[in-house]
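Presented below is the structure to which this report refers.
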Amino acid sequence: MLKIGQFSKLAKVTIKTLRYYDKIGLLKPAMVESSSSYRYYSESQLQTVALISSYKSAGLSNDLILKLLNHSENKLELLEKQKQLLIEQENNIKQAILRIDELINKKEQPYNAEIKRIDKRLVYRCRGYVSSIEKIHDFIKNCADEFFRSNPDVKFSDPDYCCAIYPDDRYRKDNIFVEYAQSVDRVGKDTDILKFSEIEPITAISVFHYGDYKSLPNAYIFAVNWAREHGYQLCGEPRERYINGAWNVDDVSKWLTELQLPIKE
């Protein structure tokens with residue numbers, strides 16, 4: 100058995116930290132002397148401290164470490180969840196750095212606008228909810244998978260047209276209601292989540308945006324100001340066309356989205 104001071108030296112962990120681990124239940128002493136309250140640790144607990152330190156360096160919380168030590172949940176599953184969380188945090192940090200660089204260098208994306216006539220199209224439509232705007236490509240892929248499964252003989256139209264519309268009456272950061280429409284060459288078979296219909300023709304202001312979806316509001320601001328300056332009145336739901344994104348381009352700065360804001364004739 101090792102006194103707490105000896106154990107501290109061997110484990111390269113301070114006595115204060117060991118007492119804290121004892122308090123929260125991460126590492127209890129092997130024995131506490133009743134007369135003196137001295138803490139004693141076994142040599143085998145050195146391995147446990149080393150494991151705790153490894154978990155700490157990986158960014159795991161005390162609660163999660165406790166679950167791993169107690170084997171109360173699947174170890175690999177918990178670690179995989181933590182990995183995905185860290186990857187998400189890493190992506191958010193990268194995006195924040197890009198935005199800071201833009202602010203430092205005062206690089207505003209140059210936008211251009213043009214008036215487009217989008218004709219009536221036969222489309223399949225899918226409606227549903229996405230947890231965040233970054234997950235929109237997953238939703239679109241699920242729609243396409245359902246389409247190919249249920250209508251193997253129906254093809255996309257040529258020329259192709261697809262767009263996402265957000266029918267909600269307000270902005271939502273999560274649990275976002277979305278409708279996706281993809282043009283096809285003929286009417287197919289409806290399913291529970293996929294319906295065939297015509298999408299109405301519109302005249303719209305078209306603006307192309309490069310970059311992540313969090314900076315899309317800049318493109319919307321430009322489009323709205325451009326409409327006001329040129330005497331156009333906006334109407335109807337804006338459409339977003341995701342031309343390039345995470346599904347086919349790794350470089351976020353090259354993601355390409357077209358905004359189509361309907362205007363009155």
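FYI, our numbering numbers position 69 of the sequence shown as 168, with every residue one higher than the one before it.
Where is the CB? At the ideal position from N, CA and C, for every residue including glycine.
Problem set entry | Length of the line joining the Cα atoms of residue 177 and residue 215 | 50 Å
For this session: Might you give, ordered along the chain, the residues of its own chain that have their beta carbon closer than 8 Å to the beta carbon of residue 161, omitting 5 neighbours on each side?
Result: For residue 161, where only same-chain residues beyond five positions count, the Cβ hits under 8 Å are 123 and 125.
For this session: Might you give, ordered along the chain, the residues of its own chain that have their beta carbon closer than 7 Å to the beta carbon of residue 331, omitting 5 neighbours on each side?
Result: 304 and 362
Problem set entry | residue 158, DSSP secondary structure in three states | coil
Problem set entry | Same chain, Cβ closer than 7 Å to residue 110, neighbours up to 5 away in sequence not counted | 145 and 148
Problem set entry | Cut-off 7 Å between Cβ atoms - residues of its own chain near residue 368, not counting five sequence neighbours on either side | In the structure as shown, the chain starts at 100 and stops at 364, and residue 368 therefore has no counterpart that could be examined.
Problem set entry | Simplified DSSP assignment, three categories, for residue 333 | strand
For this session: Would you mind stating whether residue 264 and residue 339 have Cβ atoms separated by less than 9 Å?
Result: yes
For this session: Ignore the nearest five residues each way along the sequence and tell me which others in residue 266's own chain have a CB closer than 7 Å to its CB.
Result: 276, 278 and 336
Problem set entry | DSSP beta-bridge partners of residue 279 | 225 and 263
Exercise. Got a sec? Which residues, its chain only, sit under 8 Å from residue 231 by beta carbon, not counting five neighbours each side?
Worked result: Hits under 8 Å: 272, 273 and 275.
Problem set entry | Where residue 188 sits in the DSSP three-state scheme | helix
Exercise. How far does the alpha helix (DSSP H) with residue 258 in it reach, from first residue to last?
Worked result: From DSSP, residue 258 is part of no alpha helix (DSSP H); its letter is neither H nor E.
Problem set entry | Test item: CB-CB of residue 260 and residue 282 under 9 Å | Cβ atoms of residue 260 and residue 282: closer than 9 Å.
For this session: Let me know if residue 157 comes out buried or exposed under the rule of 16 or more other beta-carbons within 10 Å of its beta-carbon.
Result: exposed
Exercise. Can you find at least 3 beta carbon pairs, one from the segment 285-302 and one from the segment 210-224, that sit closer than 8 Å?
Worked result: yes
Exercise. Do residue 194 and residue 317 have their CB atoms nearer than 9 Å?
Worked result: The answer is no: Cβ separation not under 9 Å.
Problem set entry | Extent of the continuous alpha helix (DSSP H) run through residue 105 | 103-110
Exercise. Would DSSP call residue 290 helix, strand or coil?
Worked result: coil
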